[in-house]
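> Protein chains in written order, with the numbering used here: chain A, 59 to 173; chain B, 19 to 132.
1. Using C-beta distances below 8 Å, list every residue in its chain close to residue 95/A, excluding the 5 sequence neighbours before and after it, in chain order.
2. Just by C-beta distance, which residues in the region 113 to 124 of chain B are closer than 8 Å to chain A?
3. Once DSSP output is grouped into helix, strand and coil, what is the label at residue 148/A?
4. How many angstroms separate the CA atom of residue 130/B from the CA atom of residue 36/B?
5. Along the region 99 to 111 of chain B, where does the CB come closer than 8 Å to a CB of chain A? Name the residues.
6. Out of 61/B, 93/B and 57/B, state which residue places its alpha-carbon closest to the alpha-carbon of residue 41/B.
7. Between residue 59/B and chain A, is the shortest Cβ-Cβ distance under 9 Å, so that the two count as touching?
8. Tell me the residue span of the beta strand (DSSP E) that contains residue 74/B.
9. List the endpoints of the continuous beta strand (DSSP E) containing residue 61/B.
10. Taking the alpha-carbon positions, what's the residue 104/B to residue 53/B distance?
11. What ranges does the beta strand (DSSP E) occupy inside the region 68 to 110 of chain A, keeping only unbroken runs of at least 3 residues that lie completely in it?
12. Straight-line CA distance for residue 76/B to residue 67/B?
13. Pull up the distance between the alpha-carbon of residue 75/A and that of residue 83/B, whole angstroms please.
14. Determine the chain B residues that contact residue 89/A at a beta-carbon separation under 8 Å, and present them in chain order.
15. Counting only Cβ pairs nearer than 8 Å, list the residues of chain B close to residue 154/A.
16. Which residue wins for smallest C-alpha separation from residue 79/B, given the options 99/B, 118/B and 47/B?
17. Less than 9 Å separating the beta-carbons of residue 109/B and residue 22/B?
18. Could you tell me the distance, in whole angstroms, from the CA atom of residue 119/A to the CA atom of residue 122/B?
19. Beta carbons nearer than 9 Å to chain A: which residues of the region 62 to 74 of chain B have them?
20. Please classify residue 131/A: does DSSP put it in a helix, a strand, or coil?
21. What does residue 148/A reach in chain B if we use C-beta pairs closer than 8 Å?
22. Use the C-beta contact count for residue 85/A: other C-beta atoms within 10 angstroms, 16 or more gives buried, fewer gives exposed.
23. Going by alpha carbons, who is nearest to residue 120/B out of 49/B, 24/B and 25/B?
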């Protein structure tokens, strides 16, 4: 079975541009979460979507937005890119969106470089 | 706020050495605790977890015990292998938090030499 898939795997943008990152969860999973991992640091939570509704948001500016589609895939959008947005963006899926013991399954990430 | 503090790396060991990676946490209530591993070029994988005090998570020879009194969740392995070389992340999920929201430590790079 396919795991969490993300696209693109690598991309380069310039300051001020916009980027869209895509994530397909494991088949049957209804929740998608997004994380930002800056080099040398642990992942930081950006968003969680469950059943197409936002269920949590981390401490990120409004330039970051996301949505979830009827097939449970998701997009992360970042506007007005800054150099500091350069990072590995991770998507994680889970069967459910609630509870405290469920497992997150991570994709390999999309590496964004902002010049 | 909720946070995880992980020992600084990198950690370099010879094969069959004993491994400890320290992790302490700050959280209100009783969080769930996790160790994730990231092999080169791969995504994060759940290594083990513990959901209440005194629980011991274990997998692939790795163990960690949820210590409420010391707010710790140290990762241990009795005999490391070259294949254990990876980055290890300690993480918590706050009680009552949405399932997808984890707080991660900075990660500890482990290199095991033959």
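We put the beta carbon where it would ideally sit given N, CA and C, even for glycine.
Concretely, from the data shown:
1. Looking up residue 95/A in the first chain gives position 37. Once the five neighbours on either side are set aside, the close Cβ partners of residue 95/A are 101, 102, 145, 146, 147, 148 and 167.
2. Of all residues in the region 113 to 124 of chain B, those with a C-beta nearer than 8 Å to a C-beta of chain A are 113, 114, 115, 116, 117, 118, 119, 120, 121, 122, 123 and 124, reading in chain order.
3. To locate residue 148/A, count along the first chain from 1; it is residue 90. It is a strand residue.
4. One-based indexing of the second chain puts residue 130/B at position 112. One-based indexing of the second chain puts residue 36/B at position 18. CA-CA distance, residue 130/B to residue 36/B, rounds to 11 Å.
5. Only 107, 109 and 111 from the region 99 to 111 of chain B bring a Cβ to less than 8 Å from some Cβ of chain A.
6. In the second chain, residue 41/B corresponds to position 23, counting from 1. Distances from the alpha-carbon of residue 41/B to those of 61/B, 93/B and 57/B put 93/B closest.
7. Numbered from 1 along the second chain, position 41 holds the residue referred to as residue 59/B. Closer than 9 Å: yes.
8. Here residue 74/B corresponds to residue number 56 of the second chain, with the count starting at 1. Run containing residue 74/B: 74 to 77, per the beta strand (DSSP E) assignment.
9. Counting from 1 along the second chain, the entry for residue 61/B is found at position 43. From DSSP, residue 61/B is part of no beta strand (DSSP E); its letter is neither H nor E.
10. As a working note, residue 104/B is residue 86 in the second chain. As a working note, residue 53/B is residue 35 in the second chain. For residue 104/B and residue 53/B, the distance between alpha carbons rounds to 12 Å.
11. Within the region 68 to 110 of chain A, the complete beta strand (DSSP E) runs of at least 3 residues are 68 to 71, 77 to 82, 89 to 95 and 102 to 108.
12. For the purposes of this step, residue 76/B is taken as residue 58 along the second chain, with counting starting at 1. For the purposes of this step, residue 67/B is taken as residue 49 along the second chain, with counting starting at 1. Annotation: residue 76/B to residue 67/B spans about 8 Å, alpha carbon to alpha carbon.
13. The residue labelled residue 75/A in the question sits at position 17 within the first chain. The residue labelled residue 83/B in the question sits at position 65 within the second chain. Straight-line Cα distance between these residues: approximately 46 Å.
14. Here the question's residue 89/A lines up with position 31 in the first chain. The contact set of residue 89/A on chain B, defined by CB atoms closer than 8 Å, consists of 117 and 118 in chain order.
15. Position 96 of the first chain, counted from the start, is the residue given in the question as residue 154/A. 117, listed in chain order.
16. Position 61 of the second chain, counted from the start, is the residue given in the question as residue 79/B. For the residues 99/B, 118/B and 47/B, the minimum Cα distance to residue 79/B belongs to 99/B.
17. Position 91 of the second chain, counted from the start, is the residue given in the question as residue 109/B. Position 4 of the second chain, counted from the start, is the residue given in the question as residue 22/B. Taking 9 Å as the cut-off, the beta carbon of residue 109/B is found closer than this to the beta carbon of residue 22/B.
18. Sequence index remark: in the first chain, residue 119/A carries index 61 (1-based). Sequence index remark: in the second chain, residue 122/B carries index 104 (1-based). Taking the straight line joining both Cα atoms gives about 20 Å.
19. Cβ proximity to chain A below 9 Å picks out 62, 63, 64, 67 and 69 from the region 62 to 74 of chain B.
20. On the first chain, residue 131/A is found 73 positions in, with the first residue counted as 1. Residue 131/A: coil per DSSP, three-state reduction.
21. The sequence position of residue 148/A within the first chain is 90, counting from 1. Correct list: 61 and 62.
22. Taking the first chain and counting its residues from 1, one reaches residue 85/A at position 27. Under this definition residue 85/A is an exposed residue.
23. Residue numbering aside, residue 120/B sits at position 102 when the second chain is read from its first letter. Comparing Cα-Cα distances from residue 120/B to each of 49/B, 24/B and 25/B, the minimum goes to 49/B.
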